[in-house]
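Using our numbering, read the sequence shown as starting at 224 and increasing by one per residue. Using N, Cα and C, we set each Cβ at its ideal position, and we do this for glycine too. All values reported here derive from a predicted model rather than from experimental measurement. Below: one structure, written as structure tokens.
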Amino acid sequence: MKNSLKFIAVTLLALFFVGCSFKEPEPYDYSAFLQKKPRSILVLMPTNDSTEVSGSAAVLANSVAPLSEAGYYVFPVALVNDTFKQNGITEPSEIAAVPLNKLDKIFHADSVLYINIKDYGTSYVIVSSSTKVVLEAKLVDIKSGATLWQGEAEAAEDSGSGQNSLLGMLVSAVITQVANTISDRSYDLAVRADAYLFSRNCHDCILYGPYSPHYGKDAQLHKDR
224 MKNSLKFIAV TLLALFFVGC SFKEPEPYDY SAFLQKKPRS ILVLMPTNDS
274 TEVSGSAAVL ANSVAPLSEA GYYVFPVALV NDTFKQNGIT EPSEIAAVPL
324 NKLDKIFHAD SVLYINIKDY GTSYVIVSSS TKVVLEAKLV DIKSGATLWQ
374 GEAEAAEDSG SGQNSLLGML VSAVITQVAN TISDRSYDLA VRADAYLFSR
424 NCHDCILYGP YSPHYGKDAQ LHKDR
């Protein structure tokens with residue numbers, strides 16, 4: 224009984240010190256964002272560090288909805304890409320290297336969004352698989368080049384076999400691989416990753432735009448008020 228009480232006391236004391244040592248993250252610096260107040264966003268074709276060539280198009284296509292819902296005018300991505308193609312620029316890395324003053328002259332956007340795909344696709348390890356989409360983004364002011372906001376997001380899904388026998392695990396892994404290929408699970412996770420990346424009302428989330436009824440009411444800006 225005494226040992227049990229000692230254990231409980233030590234556990235509670237440890238939890239107390241853990242709670243005391245917890246520090247809230249430093250407030251995100253939105254000063255440049257609030258100063259420039261971007262109304263429109265030019266989303267460029269994402270650069271891609273993965274081996275899945277379809278990743279850039281999938282992430283780009285699914286970035287429009289959450290950004291529009293956040294209250295920004297998003298330039299039509301198909302029209303933007305056609306403009307680059309007409310000028311002989313097709314690769315994401317080439318598009319990302321276009322100077323801001325040229326982008327401003329052509330599109331007259333307030334800001335430019337650069338997205339990089341750090342990981343995209345499904346990897347298989349004998350009897351299990353992992354599908355992952357990892358993104359990072361940077362929003363810059365098209366006139367000054369100042370960074371307005373940066374963010375990262377990840378959407379992942381692990382598929383365990385749930386089988387006891389080796390044969391069962393191998394069969395399950397093959398079925399999972401075929402199913403993922405047919406359904407393009409990575410695309411589904413790209414939808415989720417984009418939604419995470421451009422979510423609102425969190426510590427370092429992108430701010431609401433002027434076309435949102437929540438403009439200027441972001442929770443992270445009014446946390447201490």
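Residue i versus residue j: straight-line alpha-carbon distance, rounded
{"i": "residue 336", "j": "residue 285", "result": "14 Å"}
{"i": "residue 327", "j": "residue 303", "result": "13 Å"}
{"i": "residue 428", "j": "residue 338", "result": "15 Å"}
{"i": "residue 368", "j": "residue 362", "result": "9 Å"}
{"i": "residue 410", "j": "residue 324", "result": "33 Å"}
{"i": "residue 305", "j": "residue 329", "result": "13 Å"}
{"i": "residue 248", "j": "residue 331", "result": "36 Å"}
{"i": "residue 365", "j": "residue 334", "result": "5 Å"}
{"i": "residue 408", "j": "residue 289", "result": "20 Å"}
{"i": "residue 381", "j": "residue 352", "result": "6 Å"}
{"i": "residue 276", "j": "residue 356", "result": "13 Å"}
{"i": "residue 267", "j": "residue 434", "result": "21 Å"}
{"i": "residue 414", "j": "residue 258", "result": "30 Å"}
{"i": "residue 341", "j": "residue 360", "result": "10 Å"}
{"i": "residue 422", "j": "residue 298", "result": "19 Å"}
{"i": "residue 312", "j": "residue 301", "result": "14 Å"}
{"i": "residue 309", "j": "residue 319", "result": "16 Å"}
{"i": "residue 370", "j": "residue 261", "result": "12 Å"}
{"i": "residue 442", "j": "residue 374", "result": "17 Å"}
{"i": "residue 358", "j": "residue 446", "result": "27 Å"}
{"i": "residue 307", "j": "residue 426", "result": "35 Å"}
{"i": "residue 251", "j": "residue 424", "result": "12 Å"}
Supposed contact pair residue j and residue i - C-beta distance, whole angstroms, cut 8 Å
{"i": "residue 316", "j": "residue 270", "result": "6 Å"}
{"i": "residue 412", "j": "residue 378", "result": "4 Å"}
{"i": "residue 444", "j": "residue 253", "result": "7 Å"}
{"i": "residue 376", "j": "residue 343", "result": "That pair is no contact at about 12 Å."}
{"i": "residue 294", "j": "residue 432", "result": "3 Å"}
Simplified DSSP state of residue i, which is helix, strand or coil
{"i": "residue 343", "result": "strand"}
{"i": "residue 443", "result": "helix"}
{"i": "residue 405", "result": "At residue 405, the pLDDT of 43 sits below 50, so the modelled position is not reliable and the matter cannot be decided from this model."}
{"i": "residue 296", "result": "strand"}
{"i": "residue 417", "result": "helix"}
{"i": "residue 381", "result": "strand"}
{"i": "residue 302", "result": "helix"}
{"i": "residue 286", "result": "coil"}
{"i": "residue 337", "result": "strand"}
{"i": "residue 412", "result": "helix"}
{"i": "residue 435", "result": "coil"}
{"i": "residue 422", "result": "coil"}
Boundaries (first-last residue) of the beta strand (DSSP E) holding residue i
{"i": "residue 263", "result": "263 to 266"}
Among the options, the one whose alpha carbon lies nearest that of residue i
{"i": "residue 321", "options": "265, 431, 415, 420", "result": "265"}
{"i": "residue 314", "options": "297, 260, 279", "result": "279"}
{"i": "residue 180", "options": "436, 416, 372", "result": "Examination of residue 180 is not possible in this model, given that the chain is present from 224 through 448 alone."}
{"i": "residue 416", "options": "282, 272, 261", "result": "282"}
{"i": "residue 437", "options": "273, 307, 343, 291", "result": "291"}
{"i": "residue 451", "options": "432, 425, 346", "result": "Any question about residue 451 goes unanswered here, given that the chain covers just 224 to 448."}
{"i": "residue 263", "options": "307, 424, 287", "result": "287"}
Host alpha helix (DSSP H) of residue i (start-end)
{"i": "residue 367", "result": "Run containing residue 367: none; DSSP gives neither H nor E here."}
{"i": "residue 275", "result": "Careful: residue 275 lies outside any alpha helix (DSSP H) and carries neither H nor E."}
{"i": "residue 324", "result": "323 to 330"}
{"i": "residue 259", "result": "254 to 259"}
{"i": "residue 317", "result": "315 to 319"}
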